[in-house]
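In this note's numbering, the protein residues as written are 149 to 377. All residues carry an ideal CB built from backbone N, CA and C; glycine is no exception. Predicted model only: the values in this text are computed from it and were never measured.
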Amino acid sequence: MNPERCRAVYAALEAAYGPQGWWPAQTPFEVMVGAVLTQNTAWTNVERALARLTGRIALTAEAILALDEADLADALRPSGYFNIKARRLRSFCEGFLAGGGLPGLGALDTAPLRQHLLAIPGVGPETADDMLLYAFARPVFVVDAYTRRVFTRLRLLRGDEGYETIRAAFETALGADVPLFNAYHALIVRHGKEVCRKHPRCDCCCLRGGCPAGHEQGAALRVKASLHS
DNA sequence: TACCAGGAGAAAA
DNA sequence: TTTTCTCATGGT
C-alpha cells in the first residue's frame, strides 16, 4: 500500500464525512460486547439487542454469565444469529474474566493480548481487532468487508489478500497511530454504507472514469473527485 | 421478493 | 489447504 495514497484516501473520506466518533459505546466492556454482536450484522440491530440486554441485567461479564443461555439468546434476538451469539458472548465473558478482566488484559502487551482474544471461541481476527483498537486503544488496523470492497475498487488492493496481509499493509503505510486507525476504519464503514451497499455490483464512486451505471452522487462523488483531481 | 449487514467456525471438497 | 455452508433478524 502506497503511504501517500493511503493517506490521500483518508483525507478524502474525512473531508466528505467528517468525524464519526467511534466506537458507539460507554465503556470498554460495552465495546467488546458490541464487537461480538455486530458480527455480520447491522449496528442498528445490535443496538436493539444491547438495549434488551441492559434492560434485564447490568452489562458485566459476571451478570452475563449468570444469565441462563436461553434467556441470553432471547435478549440478543434482534441482532440475529442469537443462539450462536449467546454462546459466543458467554465464551467471551469467560475468556475476559480468565484474563483478569480489564486490568489484567490491559496490562498485557498488544501481541499477547491479541493472542489471548483470538484464543476465545467466537472471537476472530476482526472482532479481536475491534476490541484491541476501540476498547484497549492499541494501534491495530481493523479490516472488514467494507475495507476490502472499497480498496479493491480503488485498485489499492487486489481483493483476494488475506486478513493479515491487508492489516499489515495499512499498519505499514500509516505507522502506529491509534487515533488515525480509529477514525479511518469508521470512515471506511461510513463510506461503504453510503455507496457500495446500494450498488454492490458496480464501481460506483471508487473508480477512475466514473460509474458506468451513473450511480455517483453526494458525498461519494466528492470523495472520488478529491482522489482523482 | 431478493439481497445485504461493521464474521466465525464447522463441514465438505 | 481451500471452498462452501450455517447461523437469523431487520431494513431497503
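(request) Just the C-alpha distance for D325 and A259, rounded to the nearest angstrom, thanks. (result) Taking the CA atoms as reference points, D325 sits about 16 Å from A259.
(request) Kindly list the residues whose CB is nearer than 6 Å to the CB of R133, restricted to its own chain and excluding five residues on each side of it in sequence; keep chain order. (result) The structure shown does not extend to residue 133, since the chain is modelled only from 149 to 377, so the question has no answer here.
(request) With a threshold of 16 other CB atoms inside 10 Å of the CB of R303, please say whether the residue is buried or exposed. (result) Exposed is the call here.
(message) Quick check: R236 and G270, are their CB atoms within less than 7 Å of each other?
(response) For the 7 Å CB-CB criterion, R236 and G270 form a contact.
(request) Indicate the three-state DSSP secondary structure (helix, strand or coil) for V288 in the structure shown. (result) Coil at V288, not helix or strand.
(request) Excluding the 5 residues preceding and the 5 following V337 in the sequence, name in chain order all residues of the same chain whose CB lies nearer than 6 Å to its CB. (result) Excluding residues within five positions, the ones whose Cβ falls inside 6 Å are Y294.
(request) State the start and end residues of the unbroken alpha helix (DSSP H) segment that holds M279. (result) Taken as a continuous stretch (DSSP letters only), the alpha helix (DSSP H) holding M279 covers 273-282.
(request) Check A169 in the structure and name its three-state DSSP category. (result) The sequence shown places Gly at residue 169, rather than the Ala named in the question. DSSP places G169 outside both helix and strand once states are collapsed to three, so it counts as coil.
(message) Could you tell me which whole alpha helix (DSSP H) segments of length 4 or greater appear in the region 196-232?
(response) List check, alpha helix (DSSP H) in window: 209-214, 217-224.
(message) Would F244 and F289 be called neighbours here (beta carbons separated by less than 7 Å)?
(response) No, the Cβ-Cβ distance between F244 and F289 is not below 7 Å.
(request) Identify, in the order they occur along the chain, each residue of the same chain with its Cβ nearer than 6 Å to the Cβ of A321, setting aside the five sequence neighbours on each side. (result) Excluding the 5 residues flanking it on each side, A321 has same chain C-beta neighbours closer than 6 Å at M149, P151, C154, in chain order.
(request) Using 10 angstroms around the beta-carbon of E312, count the other beta-carbons present and answer buried if the total reaches 16, otherwise exposed. (result) Label assigned to E312: exposed.
(request) Alpha carbon to alpha carbon, how far is L261 from G249? Give it in angstroms, no decimals. (result) Approximately 12 Å, taken between the alpha carbons.
(message) Given this structure, state the Cα-to-Cα distance separating Q263 from L256, to the nearest angstrom.
(response) Computed Cα separation, rounded: 10 Å.
(request) Please report how far the alpha carbon of Y165 lies from the alpha carbon of L328, in whole angstroms. (result) The alpha-carbon atoms of Y165 and L328 are separated by roughly 15 Å.
(message) Within 10 Å of its beta-carbon, does G182 have 16 or more other beta-carbons around it, so buried, or fewer, so exposed?
(response) Buried, because 16 or more other Cβ atoms sit within 10 Å of the Cβ of G182.
(request) Starting from the C-beta of L378, find all residues in its chain whose C-beta is less than 8 Å away, skip the five residues before and the five after it, and write them out in chain order. (result) The structure shown does not extend to residue 378, since the chain is modelled only from 149 through 377, so no value can be given for it.
(request) Give the secondary structure of P269 by DSSP, where H, G and I count as helix, E and B as strand, and everything else as coil. (result) Residue state, collapsed to three classes: coil.
(request) Could you spell out where the alpha helix (DSSP H) holding L185 opens and where it closes? (result) Its alpha helix (DSSP H) spans residues 176-185.
(request) Would you identify the three-state DSSP class for T295, choosing helix, strand or coil? (result) Annotated three-state conformation of T295 is helix, per DSSP.
(request) Mind checking which residues open and close the alpha helix (DSSP H) that includes E319? (result) Segment 311-322, the alpha helix (DSSP H) holding E319.
(message) My output table needs one value for R262: the three-state DSSP class, helix, strand or coil.
(response) R262 carries a helical assignment under DSSP once its states are collapsed to helix, strand and coil.
(request) Over the uninterrupted alpha helix (DSSP H) stretch that includes N330, give me the two end residues. (result) Note, N330: alpha helix (DSSP H), 326-339.
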